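Numbering (the numbering used here), first residue to last: 9 to 412. Built from N, CA and C at the ideal position, the CB exists for glycine as well. If you're wondering where the values come from, they're calculated on a predicted model, not measured in any experiment. Heads up: the structure comes next, in structure tokens.
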Ligand code: HSE
């Protein structure tokens with residue numbers, strides 16, 4: 009029996025412990041010795057939990073117990089998760105994590121530490137929760153030249169945008185419901201301002217390129233500026249609005265990465281990922297289009313990915329499972345040169361200024377809930393820089409959103 013410890017007995021950590029009990033038979037199918045959770049580290053006591061007798065508060069007990077071979081780091085946040093993970097790997101203890109913040113900030117360093125100590129650092133659950141996407145990118149797609157990865161990577165914002173679209177609700181109303189249902193945090197900033205999705209696309213684009221895409225370098229916009237009025241036009245254009253994380257290789261090999269809300273056509277497969285579901289759309293030069301779809305968050309879906317990593321570490325005890333992600337920083341291509349169409353919603357009296365700034369290529373669009381004081385257009389394909397220049401100084405612009 010391989011002994012493991014779980015750091016953090018929150019939603020994901022408690023799911024890991026439960027799943028290891030529930031699926032022990034299938035775990036033994038892959039790893040006959042079986043896996044046992046010896047310790048659960050948390051600041052809190054859990055007197056009503058069937059696992060209360062395994063709860064400890066001192067990390068050193070885990071670190072100094074030679075029986076512990078694998079740790080599940082399901083604490084979230086950078087500290088103390090970074091110090092705990094690093095010290096475990098330095099002792100040859102493998103670490104499996106759902107912590108996208110830590111992986112995006114210190115992934116290559118922790119991978120290097122694992123390789124130096126014949127153990128592994130695994131992070132399938134850090135992107136897309138229960139959706140297998142990291143392992144397919146590293147293994148099944150290892151010989152593809154991946155030209156783009158576009159994902160709906162945040163369930164909270166996808167839930168908010170779906171309800172705004174389908175039920176004609178405001179951002180504030182849907183955020184409150186998402187908080188009541190436990191999807192959105194009390195402080196929803198990391199989700200609604202796009203930081204969570206940005207960390208996830210930083211991880212995916214690093215794996216796509218094998219280098220480090222720093223999430224601080226990625227242009228990042230959230231959904232808090234998207235209004236009920238925008239969805240009136242989106243519906244009429246047969247589109248939804250989705251927060252996308254996207255990484256795209258240009259013909260010269262340079263890479264653009266961005267997190268922002270986009271208008272997405274109902275014909276695109278990504279449109280079908282609604283509510284809390286996530287989807288990752290990948291294009292490879294040989295395999296063509298692929299889409300991975302599933303639950304991007306939640307107790308058992310995320311635990312499923314963590315436990316699959318644990319079993320992989322158990323099968324490979326004493327060896328490092330290599331991940332092709334170097335710490336060489338990838339400079340991103342100039343985001344102002346990205347070319348696409350833009351939707352603009354403006355006060356009715358801005359019509360003439362818009363037509364003169366953007367030219368006759370502007371296509372007028374209408375809302376399913378028209379407002380007399382407003383006009384809206386979709387531009388021809390143009391660069392971000394050209395859009396910014398044309399839009400500068402037009403005071404009546406109420407919103408603009410990129411088209412995917
Ligand atoms: N806050 C995240 C989401 C949780 O809403 O998708 C999973 O990373």
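Contact defined as beta carbons within less than 8 Å: I believe residue 267 pairs with residue 206. What is the distance between those atoms, to the nearest angstrom?
4 Å
Do the segment 298–307 and the segment 134–151 make contact, defined as three or more Cβ pairs closer than 8 Å?
yes
Assuming residue 111 is part of the beta strand (DSSP E), what are its boundary residues?
Where residue 111 is concerned, there is no enclosing beta strand (DSSP E), although the alpha helix (DSSP H) it sits in stretches over 108–124.
What are the partner residues of residue 11, as DSSP defines its beta bridges?
44 and 76
At the level of alpha carbons, what is the spacing between residue 72 and residue 100?
Each residue's alpha carbon lies about 12 Å from the other.
For the ligand ZN, any of its heavy atoms closer than 6 Å to the Cβ of residue 182?
You won't find the ligand ZN in this model; what it holds is the ligand HSE.
Any chance the segment 241–254 sits against the segment 141–154, with 3 or more Cβ pairs inside 8 Å?
no
Of the residues 272, 14, 116 and 38, which one's Cα is nearest the Cα of residue 420?
Since the first and last residues shown for the chain are 9 and 412, residue 420 lies out of range.
Within 10 angstroms of its Cβ, does residue 196 collect 16 or more other Cβ (buried), or is it exposed?
buried
Can you tell which of 127, 163 and 385 has the C-alpha that lies nearest to the C-alpha of residue 323?
Scanning 127, 163 and 385 for the CA closest to the CA of residue 323 turns up 127.
Residue 48 and residue 35: beta carbons closer than 7 Å?
no
May I have the straight-line CA-CA distance separating residue 74 from residue 96, to the nearest angstrom?
11 Å
Look up residue 166 in the DSSP assignment and say whether it is helix, strand or coil.
In the structure shown, residue 166 sits in a helix (DSSP, three-state: H, G or I).
How about the segment 100–113 and the segment 305–321: do they share at least three Cβ pairs that are nearer than 8 Å?
yes
Report the rounded CA-to-CA distance for residue 254 versus residue 58, giving the unit in angstroms.
42 Å
Around the Cβ of residue 162, are there at least 16 other Cβ atoms within 10 angstroms (buried) or fewer (exposed)?
buried
Going by DSSP in three states, residue 60 sits in which element: helix, strand or coil?
helix
With DSSP run on the structure shown, which of helix, strand or coil describes residue 250?
strand
Judging by CA-CA distance, which residue of 356, 78 and 402 is the nearest neighbour of residue 327?
78
Does the Cβ-Cβ distance between residue 411 and residue 271 come in under 7 Å?
Contact flag set, yes.
Could you check if residue 31 belongs to the surroundings of the ligand HSE, using beta carbon to heavy atom distance under 6 Å?
no
Following a CB-centred definition, is residue 204 positioned closer than 6 Å to any heavy atom of the ligand HSE?
yes
The beta strand (DSSP E) that contains residue 420, what's its start and end?
For the chain, the structure presents residues 9 to 412; residue 420 sits outside this window and is missing.
Assess, as a yes-or-no matter, whether the segment 161–178 is touched by the segment 199–214 under the definition of 3 or more beta carbon pairs within less than 8 Å.
yes
Roughly how many angstroms lie between the CA atoms of residue 227 and residue 342, to the nearest whole one?
10 Å
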